[in-house]
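Trainee: I have a structure here, written as structure tokens, and I will follow up with some questions on it.
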Amino acid sequence: MHGAVVHAGAYIGEEIEEYLAAGFDTIVLIEPNPQIFARLLVHVEFWRQWLAAFAKVYDLPRPPRIHAVNLAASDRAGIVPFFVTELAMYSSLLVPRPDAIHTASVIDVVTRPIDALMDDLGVDPSSVDLIVLDTQGSEHLVLAGASTVLPYVNAVVVETPKQLHQGQATQAALDALLIGHGLRRSCDGIKGASNAIYLREVA
Numbered sequence: 001m002h003g004a005v006v007h008a009g010a011y012i013g014e015e016i017e018e019y020l021a022a023g024f025d026t027i028v029l030i031e032p033n034p035q036i037f038a039r040l041l042v043h044v045e046f047w048r049q050w051l052a053a054f055a056k057v058y059d060l061p062r063p064p065r066i067h068a069v070n071l072a073a074s075d076r077a078g079i080v081p082f083f084v085t086e087l088a089m090y091s092s093l094l095v096p097r098p099d100a101i102h103t104a105s106v107i108d109v110v111t112r113p114i115d116a117l118m119d120d121l122g123v124d125p126s127s128v129d130l131i132v133l134d135t136q137g138s139e140h141l142v143l144a145g146a147s148t149v150l151p152y153v154n155a156v157v158v159e160t161p162k163q164l165h166q167g168q169a170t171q172a173a174l175d176a177l178l179i180g181h182g183l184r185r186s187c188d189g190i191k192g193a194s195n196a197i198y199l200r201e202v203a
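Residues 1 to 203, numbered by full-length UniProt numbering, are exactly what the sequence shown covers, in order.
Set out below in structure tokens:
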């Protein structure tokens, strides 16, 4: 496989090895939490050095490009509050429900649409084959900022958490949004019971 994968809410980049094994030549990892992003950078740098050394030893073409970006994917560019929770994996652009999650702190983060970010990074929108979302309730905002990219995407994987954040889109709303781009929910639980995969409908 060639092409690009965009992962919003990449955390520390546990999936990098999977993306490389799948054959993606461009990997874009988006993580807004600066403390988590520092750990992501360490992971990314390891793979960059390993891939460069491997390519040199075996006289291979350029290694896959791995981009790590410290911002939040959303529907518009700006600076907004980001709610850091005690369990960092539940941090979100959306306000956590106080009866469900405890907010440890609120920080300001930069937001940028995926469409604009691809332009910033020099990634051709038509090369994006897969989008992975783990943004804790703000998936609808991320997808709204990817209207240029989505017509080219063949699959979208969404972690669909319980309704833990205020203003979170329902599963039905995400289904309708992606059906509008020709992507239909195929199955759940690919990597866990809370994941849904959407595949491009074949005409």
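The C-beta atom is built at its ideal place from N, Cα and C for all residues, glycine as well.
Is S91 helix, strand or coil when you go by DSSP?
Mentor: coil
Trainee: If you compare alpha carbons, which of T170, A155 and A169 is closest to L183?
Mentor: A155
Trainee: Please identify the residue among L121, A53 and V84 whose C-alpha is closest to the C-alpha of P61.
Mentor: A53
Trainee: Since R112 is in the beta strand (DSSP E), which residue starts that stretch and which ends it?
Mentor: T103 to R112
Trainee: What does DSSP give as the partner residues of P34 in its beta bridges?
Mentor: None, per the DSSP bridge assignment.
Trainee: Are the beta-carbon atoms of L40 and A68 separated by less than 8 Å?
Mentor: yes
Trainee: For the pair the region 96-112 and the region 159-171, tell me if three or more CB-CB distances fall below 8 Å.
Mentor: Yes, the region 96-112 is in contact with the region 159-171.
Trainee: Taking buried to mean at least 16 other C-beta atoms within 10 Å of its own C-beta, is S138 buried or exposed?
Mentor: Of the other Cβ atoms in all chains shown, 16 or more fall within 10 Å of the Cβ of S138; this residue is therefore buried.
Trainee: Please check the pair M118 and V149, which I expect to be a contact at CB under 8 Å, by giving their CB distance rounded to whole angstroms.
Mentor: 6 Å
Trainee: For the putative contact between D59 and I79, defined by C-beta atoms under 8 Å, what is the C-beta separation to the nearest angstrom?
Mentor: 45 Å between Cβ atoms; not a contact.
Trainee: Please state whether DSSP places residue 205 in a helix, a strand or coil.
Mentor: Past the edges of the chain, shown from 1 to 203, lies residue 205, and the structure says nothing about it.
Trainee: Could you tell me which residues DSSP puts in a beta bridge with V142?
Mentor: V142 is not bridged to any residue.
Trainee: Do Y152 and V128 come within 8 Å of each other at the CB atom, strictly closer than that value?
Mentor: yes
Trainee: Take H7 as the anchor and find which of A173, A73 and L199 has the nearest alpha-carbon.
Mentor: A73
Trainee: Strictly by DSSP, which residues pair up with V78?
Mentor: Strictly speaking, residue 78 in this sequence is Gly, with Val absent from that position. Answer is T111, bridged to G78.
Trainee: From which residue to which residue does the beta strand (DSSP E) around Y198 run?
Mentor: Its beta strand (DSSP E) spans residues N195 to R200.
Trainee: Quick check: what's the CA-CA separation for V84 versus I101?
Mentor: 10 Å
Trainee: Distance, Cα to Cα, Q49 vs A172?
Mentor: 42 Å
Trainee: What would DSSP say about residue 241, mapped onto helix, strand or coil?
Mentor: Any answer about residue 241 is impossible in this case: the structure gives the chain only from 1 up to 203.
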